[in-house]
Each structure stands twice: as structure tokens, then as C-alpha cells.
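Note sheet for the following structure.
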Amino acid sequence: MRGADPNALEEKIKQWKGGDSEGQEDDVTVKGHLDIGSFISSKGCECLNESDEHTLEHALSTKGGYLESDCDEQLIINLEFSQNMKLHSLKLYAPEDKGPKTVKIFQNLTKSLDFDTAENMIATQELELTPADVKEGTLIPLRYVKFQNVGSVTIFIKDNLGGGDVTQIDYLGLVGTPVAKTNMTDFKRVAGKKGESH
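In the UniProt record's numbering, the protein residues as written are 1 to 198.
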């Protein structure tokens, strides 16, 4: 671009960046990565053992509400992306007494997990969270080299920090980057000749 102020352009992009983080400045990012919530396909989202009143949809948004387990403390969360991603970190905000403790993360599974399989299967990464990990504003780093071409992610929450029967997640987010960048040469000319202006 000619005559463009790169700093002003960057500020405009930040100002108009959409998604559910509206009204909340996303201060929890890593240089070169972004909150990839806008890449989560709502059709590919599913949560096993969620409460009827407090569903996964609430935890994927910053607009209030939360995800809560129903019959016991365990949850299985399936998230599918609209394109393959490189995952860098996890945001898991929750109350200290009900937040997830043992978390197993699987990638690109071809079939849905049940609770027995999730408990016994080797995960791409397993996390033991502390109360500090589930505080708002905290990033939980993932093994970046293991999450380089992720089309879907399954998160199994085995237990919670309080040891009770109810697990609660106020916000679930992922930080990363798309594997494929947009290639402008892939787009076809709609009308007119090459070099012709509007």
C-alpha cells in the first residue's frame, strides 16, 4: 500500500476486530498469535455431561454465563475449527473451588470419546491445573510442537480443584494461529480486466 500509516492501520484492525471479546480488551495474548474463538465451528461443538441451564455455548463467550457439569464433575468438550490451527495456549477461567484440575487434551480424533475411553487413552497433552491457572487473565501454555495441524480438539476434564461433584468453567478460549494464511492469488477476478479500476 502506498501512503498508509502502518501504526494507524494496526490500531484500526484492533478496534474493529470482531468476535465475542467485544467490550473486553484481550490483554491475554502472545505475540504472533490470537484468540481463535472466531475459528470455532458452532456445528462441530459438543459437550458431554453439561447442565441443561449452563451449556458449553456460555463458556465460549465473554457475554456472561458459564458451563457446568451435570451428573458428576467430569466433562468432555469437543471443538471443531473452520480451518486447521496451530495451538499455543489455553484460557480456562473458573472459580477456584469448581475449576478443572486434571485436563486431558486430544487432537484430531476421528470418533467421539466416551468417559471410559477418555480416562484410559493417552492424550496429546495432560495438565494438572492449580487455582492460579484458572484465574481470569492467565494463559495455560500447551506443547506448541504437538499442536501444529489441529482440525479439532477434545478436552476431557477428569476432576475439579474442590473435589466436588460440580465442575464450572466461566470461559474457555484457545490462543493460536491458522495453519494456512489467505492467499490472494486464489481469488478469481469477478469483473473487468487486469489493471482496470472500479
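Built from N, CA and C at the ideal position, the CB exists for glycine as well.
- Item | Status (buried if at least 16 other CB within 10 Å, exposed otherwise) for I169 | buried
- In whole angstroms, what separates the C-alpha of G65 from that of A180? 33 Å
- Query: How long is the line joining the alpha carbons of R128 and T102, rounded to whole angstroms?
  - Reply: Per the sequence shown, residue 128 should be read as Glu rather than Arg. Cα to Cα, the separation comes out at about 5 Å.
- What are the boundary residues of the beta strand (DSSP E) that includes F129? The identity of residue 129 in the sequence shown is Leu, whereas the question assumes Phe. No beta strand (DSSP E) contains L129, which DSSP labels as neither H nor E.
- Under 7 Å between C-beta atoms of P95 and I157: no
- What's the C-alpha gap between E68 and T167? 6 Å
- Task: Please state whether DSSP places F106 in a helix, a strand or coil.
- Result: strand
- Per DSSP, what kind of secondary structure is H58 in: helix, strand or coil? helix
- What are the partner residues of Y144, as DSSP defines its beta bridges? Per DSSP, none; premise fails for Y144.
- Query: Leaving out five residues before and five after D133 in sequence, what residues of the same chain have Cβ atoms less than 6 Å from its Cβ?
  - Reply: I140
- How is G151 classed by DSSP in three states: helix, strand or coil? strand
- Task: Give the DSSP bridge partners of P178, in chain order.
- Result: M85
- Message: Less than 8 Å between C-beta atoms, sequence neighbours within five positions excluded: which residues of the same chain meet that for D72?
- Response: N49, D165
- Query: Is the beta carbon of L172 less than 7 Å from the beta carbon of L87?
  - Reply: no
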